[in-house]
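Remarks on the structure that follows.
There are 4 protein chains.
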Amino acid sequence: MIKVGIIGGTGYTGVELLRLLASHPKAEVAIITSRSEEGVYVADMYPNLRDYYKDLQFTSPNTEQLASCDVVFFATPHGVAHQMAGELLAAGTKIIDLSADFRIKDVDEWEKWYNQPHGAPDLVNEAVYGLPEVNREQIKSARLIAVPGCYPTATQLGFLPLLEHGIADTSQLIADCKSGVSGAGRSAKIGSLFCESTENMMAYSVAGHRHLPEIKQGLECIAQQPVNLTFVPHLTPMIRGIHASLYVRVKDHFTDLQALYESRFANEPFVDILPQGSHPQTRSVKGCNTCRIAIHRPQNGDLVVILSVIDNLVKGASGQAIQNMNILFGFEENLGLTNLALMP
Amino acid sequence: MIKVGIIGGTGYTGVELLRLLASHPKAEVAIITSRSEEGVYVADMYPNLRDYYKDLQFTSPNTEQLASCDVVFFATPHGVAHQMAGELLAAGTKIIDLSADFRIKDVDEWEKWYNQPHGAPDLVNEAVYGLPEVNREQIKSARLIAVPGCYPTATQLGFLPLLEHGIADTSQLIADCKSGVSGAGRSAKIGSLFCESTENMMAYSVAGHRHLPEIKQGLECIAQQPVNLTFVPHLTPMIRGIHASLYVRVKDHFTDLQALYESRFANEPFVDILPQGSHPQTRSVKGCNTCRIAIHRPQNGDLVVILSVIDNLVKGASGQAIQNMNILFGFEENLGLTNLALMP
Amino acid sequence: MIKVGIIGGTGYTGVELLRLLASHPKAEVAIITSRSEEGVYVADMYPNLRDYYKDLQFTSPNTEQLASCDVVFFATPHGVAHQMAGELLAAGTKIIDLSADFRIKDVDEWEKWYNQPHGAPDLVNEAVYGLPEVNREQIKSARLIAVPGCYPTATQLGFLPLLEHGIADTSQLIADCKSGVSGAGRSAKIGSLFCESTENMMAYSVAGHRHLPEIKQGLECIAQQPVNLTFVPHLTPMIRGIHASLYVRVKDHFTDLQALYESRFANEPFVDILPQGSHPQTRSVKGCNTCRIAIHRPQNGDLVVILSVIDNLVKGASGQAIQNMNILFGFEENLGLTNLALMP
Amino acid sequence: MIKVGIIGGTGYTGVELLRLLASHPKAEVAIITSRSEEGVYVADMYPNLRDYYKDLQFTSPNTEQLASCDVVFFATPHGVAHQMAGELLAAGTKIIDLSADFRIKDVDEWEKWYNQPHGAPDLVNEAVYGLPEVNREQIKSARLIAVPGCYPTATQLGFLPLLEHGIADTSQLIADCKSGVSGAGRSAKIGSLFCESTENMMAYSVAGHRHLPEIKQGLECIAQQPVNLTFVPHLTPMIRGIHASLYVRVKDHFTDLQALYESRFANEPFVDILPQGSHPQTRSVKGCNTCRIAIHRPQNGDLVVILSVIDNLVKGASGQAIQNMNILFGFEENLGLTNLALMP
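Chains as they are written, first to last, in UniProt numbering: chain A, 1 to 344; chain B, 1 to 344; chain C, 1 to 344; chain D, 1 to 344.
The structure is reproduced here in structure tokens:
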């Protein structure tokens with residue numbers, strides 16, 4: 001049984017870590033921190049937790065206490081992990097960061113998009129990008145893992161086989177992505193109000209979203225060449241779910257794409273290639289760690305349409321973080337992650 | 001490991017049984033039947049099941065095969081179980097019926113509300129009403145269990161301590177209940193369409209709902225006296241959840257109701273009494289088997305307001321069915337039912 | 001054509017006034033104020049207004065300018081109108097206040113519930129409670145109108161004929177009310193977030209809601225005797241709508257309640273009594289000024305169930321405010337209020 | 001005052017015609033037909049209509065009676081209008097067909113996609129495609145108007161200026177479209193149930209949707225050259241709204257696209273070009289006839305992203321039908337269509 005600490009546990013990724021870890025047979029949450037909610041019971045904020053965490057309280061973050069944990073998750077907004085990571089690593093704790101602080105290798109690029117100086121540029125290089133389907137080996141021996149964002153996870157897994165196989169025309173990739181509202185977090189913003197976001201569909205940040213450089217970096221790393229990506233996120237009136245609709249021209253007309261995808265992900269516990277002709281539903285992954293993918297080639301043309309869905313809070317955040325933890329500690333990769341999606 | 005059969009598995013209670021049993025360490029689904037979907041894979045109907053039940057297919061119901069199961073769940077509309085139960089019981093199988101066929105002890109009353117002759121009136125008396133908080137002992141030795149309906153579960157648990165304690169004015173009980181749309185099942189009815197039920201609230205069946213006689217019978221059994229009940233169900237634009245708002249005048253002004261409820265349910269694994277002043281949220285039980293209850297006495301008057309919430313598909317149907325199965329087979333009562341609610 | 005001013009127009013009742021007044025043939029919006037949004041175009045905040053109000057901007061409130069209006073609407077939170085009303089009335093402008101400032105005749109009671117000293121106690125008495133179905137004559141000659149709240153409107157219209165007719169047992173009235181989320185306004189509160197309020201049903205403020213004294217006062221005024229009211233509001237996952245489920249024991253078993261209600265409201269342009277056995281849907285009044293009511297007497301008992309629905313932003317706020325304006329200025333009562341509900 | 005007949009008025013486009021025509025000063029509904037609902041009051045099916053159409057009943061379709069109307073709307077599924085149109089035209093009535101029967105000029109193509117022989121191929125050529133922004137002059141003198149589909153309207157208006165101006169690379173147009181559930185109509189299908197479509201996002205008919213040939217024909221007609229279109233529709237959990245996200249490479253880097261769009265639609269009453277950098281919301285057109293468009297060129301590249309939103313039941317069906325009627329009868333184009341969108 002390993003000891004887990006969670007920093008910044010009041011947000012949706014924090015409560016999702018608690019929900020998933022409650023059924024994990026080899027990990028237990030020892031500490032959960034929140035400056036603003038110090039002393040509050042987690043179950044008072046999220047009453048679903050009463051059935052397991054009746055006595056767990058938020059505490060103020062304390063490095064010494066946290067250092068007693070085998071692993072610490074950062075479920076904070078960006079800007080926190082890069083300031084605390086160094087000290088915790090020095091104390092021998094492993095770090096799994098759900099925020100964006102260590103995802104982008106180019107520190108200048110990071111500082112531009114996140115609008116602040118980076119507090120630990122030296123650690124950026126060491127950090128392993130925690131997409132197990134790409135970096136499983138590096139994750140095993142990592143000290144510091146940067147868990148991918150939600151859009152980046154759905155998009156990279158969707159493009160992956162085409163890019164690895166070298167048949168994608170990388171001069172123009174399009175990712176038209178639809179996200180549930182929980183992607184905006186639990187902060188009190190007008191735009192996230194029920195009355196502002198239900199019965200509505202809209203694109204946002206078309207001029208440039210913070211996940212753009214992360215996705216681009218990931219795709220280029222997979223493709224081993226520059227890619228040109230247009231990324232358009234949309235806000236969808238549902239709590240959870242990312243639906244990525246990916247458009248890419250293939251250079252080779254004869255590859256059996258269905259077979260290519262099935263073979264690439266055959267041994268992946270959390271990637272499910274749907275039968276030919278399928279349309280994945282975001283609700284089919286609601287609350288579970290699976291990414292479901294379908295491949296289409298309308299009118300048998302050269303433009304391929306990949307549909308890729310995940311739960312943004314699970315495979316797009318907390319579930320993937322636990323998957324990384326399992327790999328890191330040599331557990332079976334699906335421990336604590338076997339629950340089926342809630343449907344309906 | 002016991003063998004489970006499910007009859008009529010295409011509806012929402014059927015898929016919910018499959019979801020919950022997937023994590024049950026001592027039960028496995030051997031057979032699932034559906035006349036209309038014979039040969040279809042359950043995962044083609046409910047893609048969330050792909051992560052566990054990739055090979056399970058619907059079969060046509062066959063008594064001989066079903067008799068090989070240790071227990072058979074009826075997840076059918078009313079009118080099926082009363083025709084098949086006798087033969088299965090004779091073959092030695094235990095039956096847990098999620099439909100209404102064996103809930104009402106007065107066969108004439110049942111025939112009036114369900115508008116058909118009852119095919120096994122002799123079994124009605126033997127059937128145990130599967131509300132563990134009331135009938136745990138009888139459940140242990142039952143052959144045939146009638147799982148309570150969703151409204152009846154939330155309402156009976158809410159009124160229970162007041163009625164047992166004899167301080168409720170039973171001449172006028174009011175249950176104003178709000179249900180999610182999944183209570184209407186998975187049949188293609190205009191009234192259950194998204195465009196007909198979202199962004200809308202309405203009462204229905206105010207003149208008389210089929211759950212009325214069931215609730216009344218249960219309350220009278222608990223109170224050991226006649227009760228007068230007004231039951232008004234409402235359709236609420238959400239998938240899951242029952243919110244029962246119960247109104248009852250208490251005859252004794254001095255009882256500490258909070259203490260009464262906490263003490264009555266102290267050892268119940270699936271009833272959670274919230275702290276004084278709380279307002280239970282249906283989402284706090286979304287996907288889990290807990291019933292959460294809060295007790296209010298506005299302006300310190302004699303009219304008590306009890307708020308009781310459950311997930312209609314879990315504690316109101318499939319979860320409670322599995323709880324009954326656990327009791328019946330001497331398992332720990334919460335096996336397969338430990339998952340936390342999905343929130344948000 | 002009269003000139004209209006709107007104070008505090010950034011909230012949902014403000015934009016609803018703009019929407020409805022855009023089709024009013026005898027009124028035009030001259031001024032709309034907001035301290036925080038001074039200089040902002042209303043259409044930038046609510047893009048639906050681009051089709052009519054492309055050039056209207058928020059200005060800082062200025063009494064002299066406002067005094068040039070024939071009527072000023074307060075679409076502010078409580079606490080603003082009681083401070084500004086005196087000066088505006090002195091300047092000869094009529095006031096229609098959508099907030100709670102002048103609804104409650106007992107100033108001490110108001111100060112207790114609203115937690116502040118009242119700035120114009122002398123005006124409280126003069127203010128006319130703007131429920132046209134009760135106070136049409138007084139409205140005609142009013143200077144200051146207090147528009148009823150949303151819950152109070154649905155509840156009072158529902159109980160009205162029984163109370164006037166003297167057959168209600170006033171010792172125990174119950175109002176179990178369900179409101180859409182727009183009732184909470186457009187402020188950035190966690191509880192109003194999409195992810196916190198969708199797929200959820202909950203009661204709130206059971207111990208005491210600010211609309212309780214307003215409803216009680218109104219009912220007692222109609223009944224001409226004290227009433228005992230239990231009022232339980234619930235938050236429902238929809239944008240608009242109030243569904244009031246009212247429970248009352250009648251003292252006379254023989255009155256034809258359907259006929260009583262139909263006759264009482266026969267000449268009311270905005271109250272629609274549904275045929276016997278109906279269940280009004282909140283969506284049937286979405287965006288329109290109608291209150292629809294159905295009367296039930298389950299099992300032909302003495303407990304009567306009244307179902308009453310309105311759109312909280314229209315008949316429960318801005319539409320009723322315009323209805324008051326029409327009466328006040330001698331216009332046809334339904335000017336600007338003839339649009340049908342949006343369904344689906 | 002012209003007399004209007006509506007054939008097949010039980011669906012969502014039928015009730016929407018009734019809602020909009022209720023406020024039309026120069027048209028009145030004389031006849032509404034439905035074989036299955038003969039004798040039923042329209043207000044019993046859609047209670048929002050009680051406020052205007054209390055006495056209107058569905059009748060069985062009768063050509064003689066219909067011929068007494070100045071104009072007949074077909075609000076039927078495809079396959080009805082092509083069988084009845086000839087007789088009605090011969091009787092001198094104008095026809096505005098909201099179904100797909102006369103939209104596609106190539107009869108073989110139509111028969112392939114709609115899977116039936118066309119009953120009036122001779123009329124296909126005469127029919128005018130009722131997109132006023134393209135065909136206003138022909139509409140004025142038409143006898144038979146084919147109202148465009150919802151996806152085709154949003155998509156064609158979005159691409160229009162680029163295609164007319166000749167700067168679009170027509171070798172690869174992509175339309176990633178999101179539709180509310182009302183687009184699927186009011187028929188009792190499992191896929192349209194609340195529990196199946198809420199909290200979910202999914203693509204459908206990626207292999208080929210019936211609107212594909214209609215859009216392609218329209219775009220080619222505008223561009224005066226062949227176009228290559230990939231069209232991917234998605235089902236979105238909301239009642240109303242189409243959000244079209246359009247991707248197209250422009251051949252000329254220097255054109256001011258914002259100015260091009262503003263100038264092209266300057267005199268169009270129902271097309272609204274948003275300011276640079278905007279993201280149109282579907283709710284901003286909920287219930288109104290406006291199409292709102294924003295133009296983006298991410299990272300100043302050659303791939304242009306056009307965002308175009310309409311209400312599928314208004315500008316995508318019934319509102320556009322009335323707009324056509326207004327043009328046809330020489331009325332002001334916006335009669336009956338001036339209501340603002342309902343927001344929130």
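Just so it is clear, CB atoms sit at the ideal spot from N, CA and C, and this is done for glycine as well.
Nearest to residue i (by Cα), restricted to the options the options
| i | options | result |
| --- | --- | --- |
| THR93(C) | GLU64(C), PRO117(C) and GLN83(C) | GLU64(C) |
| GLN225(B) | GLU16(B), GLY166(B), ALA321(B) and TYR12(B) | GLY166(B) |
| ALA43(D) | ASP176(C), PRO275(C), HIS82(C) and LYS189(C) | PRO275(C) |
| PRO344(D) | GLU199(A), PRO61(A) and ILE242(A) | GLU199(A) |
| LEU313(A) | TYR52(A), LEU66(A) and ALA184(A) | ALA184(A) |
| ALA294(D) | LYS140(D), THR76(D) and LEU246(D) | LEU246(D) |
| ASP101(C) | ARG264(C), TYR12(C), MET201(C) and HIS211(C) | HIS211(C) |
| ILE242(C) | GLU262(C), ARG283(C) and PRO77(C) | ARG283(C) |
| CYS150(B) | ALA341(B), GLY301(B), THR13(B) and LEU342(B) | THR13(B) |
Test item: CB-CB of residue i and residue j under 8 Å
| i | j | result |
| --- | --- | --- |
| ILE145(A) | VAL128(A) | yes |
| ILE2(D) | VAL71(D) | yes |
| LEU20(B) | LEU337(B) | yes |
| ASP272(B) | ARG292(B) | yes |
| ALA244(B) | ALA154(B) | yes |
| ALA207(A) | LEU307(D) | no |
| LYS112(D) | PHE331(D) | no |
| ILE215(B) | PRO152(B) | yes |
| PHE329(A) | VAL248(A) | no |
| ILE239(A) | CYS195(C) | yes |
| PRO233(D) | SER179(D) | yes |
Cβ neighbours of residue i in the same chain (closer than 6 Å, five flanking residues each side left out)
| i | result |
| --- | --- |
| THR230(B) | ILE174 |
| THR33(B) | ILE7, THR59 and PRO61 |
| PRO148(D) | LEU131 |
| SER99(D) | PHE74, THR76, HIS78 and ALA81 |
Neighbourhood of residue i by C-beta distance below 8 Å, restricted to the same chain and skipping five residues each side
| i | result |
| --- | --- |
| SER197(D) | VAL181, GLY191, LEU235 and PRO237 |
| TRP116(A) | Sequence inspection shows Gln at residue 116(A); the Trp mentioned does not correspond to that position. Cβ within range, chain order: GLY79. |
| HIS24(B) | ILE322, LEU335 and GLY336 |
| THR10(D) | SER34, SER36, GLU37, MET45, PHE58 and ARG186 |
| ILE222(A) | VAL134, GLN156, PHE159, LEU160, LEU163 and GLU164 |
Residues near residue i in its chain [Cβ-Cβ closer than 7 Å; skip 5 each side]
| i | result |
| --- | --- |
| GLU268(B) | GLU133 |
| GLN217(C) | ILE104 and LYS105 |
| ILE139(C) | VAL128, GLY130, PRO132, ILE145, ASN324, ILE327 and LEU328 |
| GLY119(A) | HIS82 and GLN83 |
| PHE254(C) | none |
| LEU89(B) | ILE95, ARG143 and LEU144 |
Anticipated Cβ contact below 8 Å, residue i with residue j, distance rounded
| i | j | result |
| --- | --- | --- |
| VAL250(D) | VAL285(D) | With a Cβ gap of about 26 Å, VAL250(D) and VAL285(D) do not count as contacting. |
| CYS288(B) | ASN228(B) | CYS288(B) to ASN228(B), Cβ: 33 Å. No contact. |
| PHE74(C) | ALA81(C) | 4 Å |
- Is the segment 313 to 329 of chain B touching the segment 37 to 49 of chain C in the sense that three or more CB pairs, one from each, lie closer than 8 Å? no
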